[in-house]
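Contents: one structure, followed by commentary.
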Amino acid sequence: AQSVAQPEDQVNVAEGNPLTVKCTYSVSGNPYLFWYVQYPNRGLQFLLKYITGDNLVKGSYGFEAEFNKSQTSFHLKKPSALVSDSALYFCAVRGRSNDYKLSFGAGTTVTVRA
Amino acid sequence: DTGVSQDPRHKITKRGQNVTFRCDPISEHNRLYWYRQTLGQGPEFLTYFQNEAQLEKSRLLSDRFSAERPKGSFSTLEIQRTEQGDSAMYLCASSLGLREGIYNEQFFGPGTRLTVL
Numbered sequence: 001a002q003s004v005a006q007p008e009d010q011v012n013v014a015e016g017n018p019l020t021v022k023c024t025y026s027v028s029g030n031p032y033l034f035w036y037v038q039y040p041n042r043g044l045q046f047l048l049k050y051i052t053g054d055n056l057v058k059g060s061y062g063f064e065a066e067f068n069k070s071q072t073s074f075h076l077k078k079p080s081a082l083v084s085d086s087a088l089y090f091c092a093v094r095g096r097s098n099d100y101k102l103s104f105g106a107g108t109t110v111t112v113r114a
Numbered sequence: 115d116t117g118v119s120q121d122p123r124h125k126i127t128k129r130g131q132n133v134t135f136r137c138d139p140i141s142e143h144n145r146l147y148w149y150r151q152t153l154g155q156g157p158e159f160l161t162y163f164q165n166e167a168q169l170e171k172s173r174l175l176s177d178r179f180s181a182e183r184p185k186g187s188f189s190t191l192e193i194q195r196t197e198q199g200d201s202a203m204y205l206c207a208s209s210l211g212l213r214e215g216i217y218n219e220q221f222f223g224p225g226t227r228l229t230v231l
């Protein structure tokens with residue numbers, strides 16, 4: 001079975017400060033990893049994915065994520081947070097078999113204060 | 115708007131009634147997924163179609179739930195004899211599957227929020 005853990009329910013940062021949202025995963029074999037963001041009353045928006053290659057993945061809106069196989073982690077980062085980054089963030093994983101469903105974490109609410 | 119669309123956006127029903135939701139995926143996407151999201155949780159997989167074939171169903175999808183994608187385009191999710199525990203956001207997603215080993219991200223619709231009274 002595959003699963004994702006997001007250990008922090010909430011992350012609070014000041015605008016302009018670095019933002020990190022943590023994610024660890026469990027899956028058989030090598031993973032596909034994803035980050036999505038959800039704004040109120042909106043669907044999930046894709047931010048970035050790790051499939052293979054460089055461990056540092058760059059995505060939308062200045063976000064990046066680092067894949068660490070030994071620590072089974074895929075933390076989301078942004079060097080300088082904006083108030084508009086305040087939202088609910090989900091990490092998701094799937095294995096490399098013919099199993100296309102995503103398994104999501106419970107989500108982390110990010111609040112960026114001005 | 116060329117994204118995934120879902121209808122209705124909100125549905126309030128009484129326990130025991132049947133409801134049906136529709137999802138229109140991005141036009142060229144051959145894969146379509148249904149997820150359920152409850153408050154404070156991430157989306158949970160319900161079922162998945164490749165073209166018109168339903169290839170996987172979660173054990174969350176009880177006998178009261180049925181999904182179809184008759185022409186490989188839009189999909190419907192029906193819940194019969196709704197229960198209060200069915201109250202949730204139902205999300206639809208689609209992706210373009212080119213060939214085995216190539217995986218493109220899923221794009222999500224805005225969801226249908228179901229409230230069962």
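Protein sequence lines correspond, in order, to chains A and B.
Position 56 (the first sequence) corresponds to 56 in the working numbering; numbering is contiguous.
Position 3 (the second sequence) corresponds to 117 in the working numbering; numbering is contiguous.
We put the beta carbon where it would ideally sit given N, CA and C, even for glycine.
Identified DSSP bridge partners for residue i
i        : result
B:Arg227 : B:His124 and B:Met203
A:Val112 : A:Val13
B:Val133 : B:Ile193
B:Gln151 : B:Met203
A:Asn68  : A:Ser73
B:Asp138 : B:Ser119
B:Thr161 : B:Trp148 and B:Lys171
A:Ala92  : A:Phe34 and A:Phe104
A:Lys78  : A:Leu19
A:Lys49  : A:Phe34
7 Å Cβ cut-off: residues of chain B touching residue i
i        : result
A:Tyr100 : Arg145 and Tyr162
A:Lys49  : Glu219
A:Phe90  : Gly156
Candidates the options: closest to residue i by CA position
i        : options                                   : result
B:Phe221 : B:Thr134, B:Ser209 and B:Leu228           : B:Ser209
A:Ser3   : A:Thr109, A:Val13, A:Asp9 and A:Ser26     : A:Ser26
B:Ala167 : B:Gln151, B:Tyr147, B:Arg173 and B:Leu228 : B:Tyr147
B:Pro139 : B:Glu170, B:Thr127, B:Gly130 and B:Lys185 : B:Lys185
B:Ala202 : A:Lys49, A:Asn41 and A:Arg113             : A:Asn41
B:Asn132 : B:Ser180, B:Tyr162, B:Lys171 and B:Arg123 : B:Ser180
A:Leu19  : A:Lys49, A:Gln71, A:Gly62 and A:Tyr39     : A:Gly62
B:Glu197 : B:Asp121, B:Arg123, B:Thr127 and B:Pro122 : B:Thr127
Local Cβ density within 10 Å of residue i, reported as buried at 16 or more and exposed below that
i        : result
A:Leu76  : buried
A:Val57  : buried
B:Leu231 : exposed
A:Gln7   : In the sequence under discussion, the amino acid at residue 7 of chain A is Pro, which differs from the Gln named in the question. With fewer than 16 Cβ atoms within 10 Å of its Cβ, A:Pro7 is classed as exposed.
A:Ala87  : buried
A:Lys69  : exposed
A:Asp85  : buried
B:Arg195 : exposed
A:Pro31  : buried
A:Thr52  : exposed
A:Ala14  : exposed
A:Thr108 : buried
B:Gly225 : buried
Chain-ordered neighbours of residue i on chain A, where CB pairs are closer than 9 Å
i        : result
B:Gln194 : Neighbours of B:Gln194 on chain A: none; closest Cβ ~23 Å, over 9 Å.
Neighbour flag for residue i against chain A, beta carbons, 8 Å
i        : result
B:Pro122 : no
B:Leu231 : no
B:Gln155 : yes
B:Gly199 : no
B:Gly130 : no
B:Leu205 : yes
Where residue i meets chain A, residues with beta-carbon distance less than 7 Å
i        : result
B:Phe222 : Gly43 and Leu44
B:Gly225 : Gly43
Where residue i meets chain A, residues with beta-carbon distance less than 8 Å
i        : result
B:Phe159 : Lys101, Leu102 and Ser103
Residue-chain proximity (residue i, chain B), Cβ-Cβ < 8 Å
i       : result
A:Gly95 : no
A:Ala5  : no
A:Phe67 : no
A:Phe34 : yes
Chain B residues whose Cβ lies nearer than 9 Å to that of residue i
i        : result
A:Gly53  : Within 9 Å Cβ-Cβ: nothing; A:Gly53 doesn't reach chain B, min ~14 Å.
A:Ala106 : Gly154, Gln155 and Gly156
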